[in-house]
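Here the structure is laid out as structure tokens; the discussion comes afterwards.
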Amino acid sequence: MNLNLRAPEECKFDAVSLGEVMLRLDPGEGRIRTARSFRAWEGGGEYNVVRGLRRCFGMKTGVITAFADNEVGMLMEDFILQGGVDTSLIKWMKTDGIGRICRNGLNFTERGFGIRGAVGCSDRANTAISKATPQDFDFDYIFGELGVRWLHTGGIYAALSEQSCETVIAAIKTAKKYGTVVSYDLNYRPSMWSAIGGQAKAQEVNKEIAGYVDVMIGNEEDFTACLGFEIEGNDENLKELNLDGYKKMINHAAKTYPNFKAVATTLREVKTATVNDWSAICWADGEIYKAKDYKGLEIMDRVGGGDSFASGLIYGLMTTEDAELAVNYGAAHGALAMTTPGDTTMASKKEVEGIMGGAGARVQR
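Numbering-wise (the UniProt record's numbering), the sequence shown opens with residue 1 and increments by one.
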């Protein structure tokens, strides 16, 4: 496949993300409702991808987001700096001290165990990035003067507000003008779209965005809810889709949007909160490639596994333009990320490639 990537020497960034970064508060092995202490992390569907590209794969990345200019915003900036992601594109927004003008988002997340599923409880209304408009970012400067090889954004950010819908479309259009490759994770969350027009608005926005996307990522609910696809082979609740159904879905997406150069989805069968079967498939150049199966994958924290899949996929596509190799990078990286706590990866490229090559869980000395 040929992505027509910009040359590294003409770009400051290999990749940037556009989206919200929240403070994740994690009760560890306990539950949110009974916790007396929380461990703090940073996390966000779009940001997690460039964090993985930087921390695991060594690429030059930045984050386009906005924070309320207060102590919590500075804490999140500190987390981002620890992950090696460039913070110079962050918009710092004035706040009034109690969050009426804007605030920083919080995401309480418990991991789940066995028959008890993971639980997320977010507190993200009126955040700085949800109030940001296209005028708050100089996209011509970012994509034109600085130079960006790859932009990653997604449907979680698009669903935050009317302004975020406009901002993501403006960013993608400008990125394409300067030859930046665009990836998008549909990531449909009905609760987020409900306040700004529901599924009808989700389809209106995502169908427009899809016309500019090079690499589209999503599962069966994402494609049906966001793009209005009717997929054969799935059950009435859209909870199970066999492999043939996934292949039909991906082929349909590629046929509907000829601008797509790759379409990918993870394959997950949930046995319990802590044991899943895991794999992924990717379409490119008319062929569908399936990653290695990870049967009975034992999970510590599943949140962010899909984002780590996306970062591995993007790394593989950027460095090899080989969809089969890329989807295996993605599946291995996602699998490893779910064996550690927090939204973001703690894996190394060496570990990812070892898992791809069949390395086991023996002690390494």
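We put the beta carbon where it would ideally sit given N, CA and C, even for glycine.
For Lys-216, which residues does DSSP report across the bridge?
First, the amino acid is wrong: residue 216 is Met here, not Lys. According to DSSP, Met-216 bridges with Tyr-184, Val-263.
Met-93 beta carbon less than 7 Å from that of Ala-66:
Yes, Cβ-Cβ distance for Ala-66 and Met-93 is below 7 Å.
Distance, Cα to Cα, Asp-293 vs Asn-251?
If I take the Cα positions, the gap works out to 21 Å.
Boundaries of the alpha helix (DSSP H) in which Asp-307 is found, first to last residue:
Per DSSP, Asp-307 is one residue of the alpha helix (DSSP H) stretching across 305-320.
In the DSSP assignment, the alpha helix (DSSP H) including Ala-68 goes from what residue to what residue?
Run containing Ala-68: none in the alpha helix (DSSP H); it sits in the beta strand (DSSP E), 66-68.
Limits of the unbroken beta strand (DSSP E) element including residue 446
What the structure shows of the chain is the stretch from 1 to 365, and residue 446 is not part of that stretch, so it cannot be assessed.
Which of the three DSSP states is assigned to Val-50 in this structure?
Note: Val-50 maps to helix in three-state DSSP.
Find the nearest neighbour of Asn-191 within the set Ile-129, Ile-156, Tyr-178, Lys-177, judged by alpha-carbon distance.
The sequence as given places Ser at residue 191; Asn does not occur at that position. Cα-wise, what sits closest to Ser-191 is Ile-156.
Contacts around Lys-176, its chain only, beta-carbon distance under 7 Å, and the 5 residues preceding and following it disregarded
Val-182, Tyr-212
Met-76 - DSSP class collapsed to helix/strand/coil
helix
Test item: CB-CB of Gly-304 and Asn-48 under 7 Å
yes
Coarse secondary structure for Cys-56, derived from DSSP in three states:
coil
In chain order, what residues of the same chain lie with their CB nearer than 6 Å to the CB of Arg-111, ignoring the 5 residues before and after it?
Ala-118, Asp-301
Counterpart residues of Val-119 in DSSP-defined beta bridges
Val-119 is bridged by DSSP to Glu-110.
Sort Thr-167, Met-318, Glu-353, Gly-45 by Cα distance to Asn-2 and report the nearest one.
Checked all of Thr-167, Met-318, Glu-353, Gly-45; the closest Cα to Asn-2 is Met-318.
What did DSSP end up calling Asn-328 once you bin it into helix, strand or coil?
helix
Could you give the uninterrupted runs of the beta strand (DSSP E) lying entirely in the stretch 274-303, keeping only those of 3 residues or more?
275-284, 287-290, 294-298
Under three-state DSSP, which class holds Thr-153?
strand
Among the residues of its own chain, which have a CB less than 8 Å from the CB of Asn-104, if the five just before and after it don't count?
Met-22, Leu-23, Phe-67, Ala-68, Asn-70, Val-72, Gly-73, Met-76, Thr-127, Ala-128
Which residues in the same chain as Gly-179 place their Cβ atom closer than 8 Å to its Cβ, once the five residues preceding and following it in sequence are excluded?
Asn-4, Arg-6
Proximity winner among Met-346, Met-356, Gly-354, relative to Trp-41 (alpha-carbon distances)
If we check each option's Cα against that of Trp-41, Met-346 comes out closest.
Do the stretch 245-260 and the stretch 273-293 make contact, defined as three or more Cβ pairs closer than 8 Å?
A contact exists between the stretch 245-260 and the stretch 273-293.
Please report how far the alpha carbon of Arg-124 lies from the alpha carbon of Asn-107, in whole angstroms.
In a straight line, the C-alpha of Arg-124 is about 8 Å away from that of Asn-107.
In whole angstroms, what separates the C-alpha of Lys-201 from that of Met-216?
So the two alpha carbons sit approximately 19 Å from each other.
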